[in-house]
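Working notes, structure below.
Chains as they are written, first to last, in this note's numbering: chain A, 12 to 423; chain B, 3 to 315.
Have a look at this one:
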C-alpha cells in the first residue's frame, strides 16, 4: 500500500514538474529516409543533425537543448502529411525538409492551413532543398522559408560563370526533366539567352528517371550542333546523359546544376572533366574558412560535406541565429516572433554573408560556378578529380528578383 | 537520315538488352506460372558481382564469372525458398519474390552504399566502332547487341533442337505427364530458374558497365521488363524478342519526333483551337517517349490479351 502511494506521489510530482518546466524547442525533420530516393534524404539528415548538435553545443535555446525529431516520409507527400500531423502532436514547432520539391509543396500547404486553423500554435517550415519556384511564388506564405537555390538563381550564375571563362559558346541545348523543376529550368535557360549571348537551338523535356538509354537524345544534340548543353538533370538522368554523349564521341560541354551529387564523379570518371556545375558551396572557394568548416563537418559526421549538405547546415545556422534573438514567452517559443527574427537573420558562411529576403522568404545564397578538373585542391570521392571554382557570386549578386506571384500575408 | 539510322541502331541494341533480361522472366513464367518480381534484382546482382570481381579477375573474367554466381543464387532461391511455398499456390510464390526484391535492394545498399559505383567499360574497348554522319557509334554497344543475339541463338537451339529442350518444353506444358514418364521435374524447374537468373545476371554485368551500376537499377529496368513480357506473350521466347525490339525501336524513334496533336489537327485547320486548349494537345511525342511502351502494353492487352506471340487464353 505504501509502495503504491509513493509511486502515485512520484507520478504526480513528475506530471507537475513537466507542466511547469519550459518546453524545449523541437525541430522535426520529415525526410525521405527509406526507398529509392533515400540517399538524398540521408544526406540532409546528416547535415541537420550536425547543425542541431552545433546549436546545442552553444547552449541550445532558453537553457535547454534543442530536440531533433526524425520522421520518414517514405519519399512521398502522402506519408509526409501524416508525419507532419504526428510531429505537431509531439510539439514540434519547426519543420525541416529538403530532398523533394513535391514533399515540400505538400508540407508548405499543410503548414499554411494548420497555422490558419490553430492561431497561437503556429508551425514554421524550413525548406532546405526544395527548389520548385512555386514554393516562393504562388505558394509562398509567412511561415515558409527557403534556403535552397532555384532554377533562376542557379542558371543565372552558371551562365555568367561559364561566359566569364569563354566556355559557353553561342549554341545552347536545353535538356531537362519533364516536371516542375525541369520546366523551371527550361524557362530559366531561355530567359538567360540575351544575358549569356547565346541562342537556344533546341529544347527537350524528357521523362524523369525512366530512361536507360540516352543515345537517341544525344543524336538530337549532335544534329542541333550545340556548343553547350545546359541541364537541370540530376542523379541517373544526368549520369546516363553524359555517358551517352561521351560514348558517341561528342565534345559538347555540359553546364549542370547537380554534377556534385555523390557517385557522379566516381561513376562517370574522366567523362566529367571540363564540365561545369553551379553549386551552393565549394570547399576550395571558401578558403581557410571553408576548409575549417569541412574539417569540422568531417570530424563530427565522418564524411566531407557534399552537394546540398552545406546549404542545409547554413539554413539551420540562420535558424539558430533567429532563435538567439527570440525571448521565451512563458518558457515557450513564439513562432511568429521567431519567423520575424528569421526574416532579418544574417550569418557568415565561408562563401560570404547569407541573408534572408523578407519579401518572399528566399535566402540570398552565394553560388559558386565550378568546373571538374584534375588540379582542383580537393578531390572528390577517391578520384583524381575535383571541383575547381571558376567564379563566386555573392548572395545579392546571384539573386533573382522576387516573384510577383508571391503575395505574403503577415500576421497582425 | 543519319539521325534515323542511329536511332534505329540505338533502339535495336536497347531492345536486345531488354530481351536478355526478359528472356529469363518469360521462361520462368511459362514454367511456373509465376511472375518473378525479383527478376530485375538478378540483373542488378549481375552488375554488382561483376563490379566486385573486376579487381581480382579483370573485366572479362568478371563478365564471365558473374552470371554463374547469379545462376547459383537463382538455383538456391528456387531450391530453398520457392519450392517450399510452391504447394501453397501462386500468390505465395509471388509474395516471396516480391519480398526478395526488397531484400536484394537493401543488401546491395548495405554492402555497396547508396550511390552509383565505379564500374565502367575498360579503356581498351571504349572506342567508336564506326561513324554515322558525324557521330561515332560505340563499339561496346555493338558488343552488347552481339551478346544478346548469341544468347538468343543458343537458347533457341537448346530449346528447339536438343533432348534437354524437349524435356523442358514438355515440363512447361504438362509437368505431371513428364513426371510420370520418369523425368525429374523439380530439377528441370530448378535448372530453368537458374539459367533464367544467370541470363539476367549476364545482362546486368554487360549493361552495368555501359549504363550505371546503382541500387535503383533493378527498379528502373523492372517495370520495362514486365511490359516486354506482357506485350510479347507470357512464356514465349520469340515473343519476348519481338516485343523487346519493338519497344526499343519505338522509344528510340519517338525521341526524334517533335510533333504534337496540335500539329496533326493543323491539317483540318484546328491548330489555333488546339493550342488554345493546350494540355494533351500540345504535348510533344518526344517528351512521352518513355511512356509509349506502357501505352503499347495497354493496346496489346485490349486487342490481343495473350500477347503478340502468346497462346490464346
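Think of the CB as a built atom: it goes at the ideal place given N, C-alpha and C, for glycine as much as any other residue.
Just so we're clear, the structure is a prediction, and the values are computed from it rather than from any experiment.
With 16 other Cβ atoms within 10 Å as the buried cut-off, status of residue i
i: residue 20 of chain B; result: buried
i: residue 203 of chain B; result: buried
i: residue 336 of chain A; result: exposed
i: residue 286 of chain B; result: buried
i: residue 205 of chain B; result: buried
i: residue 31 of chain A; result: Below a pLDDT of 50, predicted positions are generally treated as unreliable, and residue 31 of chain A, at 41, falls in that range; the measurement from the model is reported next regardless. Burial call: exposed.
i: residue 82 of chain A; result: buried
i: residue 227 of chain A; result: buried
i: residue 328 of chain A; result: buried
i: residue 179 of chain B; result: exposed
i: residue 295 of chain B; result: buried
i: residue 133 of chain A; result: buried
i: residue 372 of chain A; result: buried
i: residue 143 of chain B; result: buried
i: residue 421 of chain A; result: exposed
i: residue 418 of chain A; result: exposed
Expected contact under 8 Å - CB spacing of residue i and residue j to nearest Å
i: residue 146 of chain B; j: residue 209 of chain B; result: 7 Å
i: residue 346 of chain A; j: residue 135 of chain A; result: 5 Å
i: residue 27 of chain B; j: residue 198 of chain B; result: 7 Å
i: residue 110 of chain A; j: residue 52 of chain A; result: 4 Å
i: residue 379 of chain A; j: residue 292 of chain A; result: 7 Å
i: residue 174 of chain A; j: residue 104 of chain A; result: With 8 Å as the limit, residue 174 of chain A and residue 104 of chain A do not qualify as a contact, their Cβ atoms being about 44 Å apart.
i: residue 296 of chain A; j: residue 400 of chain A; result: 4 Å
i: residue 170 of chain A; j: residue 207 of chain A; result: 4 Å
i: residue 72 of chain B; j: residue 44 of chain B; result: 5 Å
i: residue 223 of chain B; j: residue 42 of chain B; result: 5 Å
i: residue 141 of chain B; j: residue 129 of chain B; result: 5 Å
i: residue 169 of chain B; j: residue 185 of chain B; result: 6 Å
Where residue i meets chain A, residues with beta-carbon distance less than 9 Å
i: residue 284 of chain B; result: Here the premise fails: no neighbours, minimum Cβ distance about 12 Å.
i: residue 293 of chain B; result: 218, 221
i: residue 45 of chain B; result: In chain order: nothing, as chain A lies at least about 11 Å away.
i: residue 130 of chain B; result: 258, 259, 260
Contacts of residue i in chain B (Cβ-Cβ under 7 Å)
i: residue 227 of chain A; result: 9, 12, 254, 257, 258
i: residue 278 of chain A; result: 118, 119, 120, 214
i: residue 507 of chain A; result: Any property of residue 507 of chain A remains undetermined from this structure, which presents chain A solely from 12 to 423.
Contacting residues, own chain, Cβ-Cβ under 6 Å from residue i (five flanking each side not counted)
i: residue 180 of chain A; result: 238, 239
i: residue 85 of chain B; result: none
i: residue 64 of chain B; result: 52, 55, 56
i: residue 325 of chain A; result: 360, 365
i: residue 1 of chain B; result: Since the displayed chain B opens at 3 and closes at 315, residue 1 of chain B lies outside it and no answer follows.
i: residue 363 of chain A; result: 377, 405
i: residue 332 of chain A; result: 356, 358
i: residue 150 of chain B; result: 18, 21, 22
Neighbour list for residue i in chain A, Cβ cutoff strictly below 8 Å
i: residue 222 of chain B; result: 220, 221, 223, 247
i: residue 16 of chain B; result: 223, 224, 226
i: residue 289 of chain B; result: 189, 215, 216, 217, 218
Cut-off 8 Å between Cβ atoms - residues of its own chain near residue i, not counting five sequence neighbours on either side
i: residue 283 of chain A; result: 253, 270, 275, 276, 383, 396
i: residue 16 of chain B; result: 250, 253, 254
i: residue 57 of chain A; result: 312, 314, 320
i: residue 368 of chain A; result: 374, 375, 410, 413
i: residue 260 of chain A; result: none
i: residue 10 of chain B; result: 251, 254, 255
Chain A residues whose Cβ lies nearer than 7 Å to that of residue i
i: residue 48 of chain B; result: The contacting residues do not exist; residue 48 of chain B stays about 15 Å from chain A at best.
i: residue 138 of chain B; result: 259, 260
Cut-off 7 Å between Cβ atoms - residues of its own chain near residue i, not counting five sequence neighbours on either side
i: residue 20 of chain A; result: Confidence in residue 20 of chain A is poor, its pLDDT being 49 and thus under 50, which makes the residue's placement too unreliable to answer from.
i: residue 215 of chain B; result: 49, 50, 53, 118, 119, 121
i: residue 176 of chain A; result: 401
i: residue 47 of chain B; result: 72, 75, 106, 203, 206
i: residue 45 of chain A; result: 83, 85
i: residue 24 of chain B; result: 227, 230, 231, 242, 246
One or two residues paired with residue i in a DSSP bridge
i: residue 266 of chain A; result: A/241, A/287
i: residue 374 of chain A; result: A/367
i: residue 73 of chain B; result: DSSP, once it has assigned bridges, lists no residue as partnering residue 73 of chain B.
i: residue 20 of chain B; result: DSSP, once it has assigned bridges, lists no residue as partnering residue 20 of chain B.
i: residue 155 of chain A; result: A/136
i: residue 211 of chain A; result: A/183
i: residue 78 of chain A; result: A/37
i: residue 108 of chain A; result: A/138
i: residue 138 of chain B; result: B/133
i: residue 72 of chain A; result: A/75
Proximal chain B residues relative to residue i, where beta-carbon distance stays under 9 Å
i: residue 273 of chain A; result: 115, 116, 117, 118
i: residue 53 of chain A; result: 116
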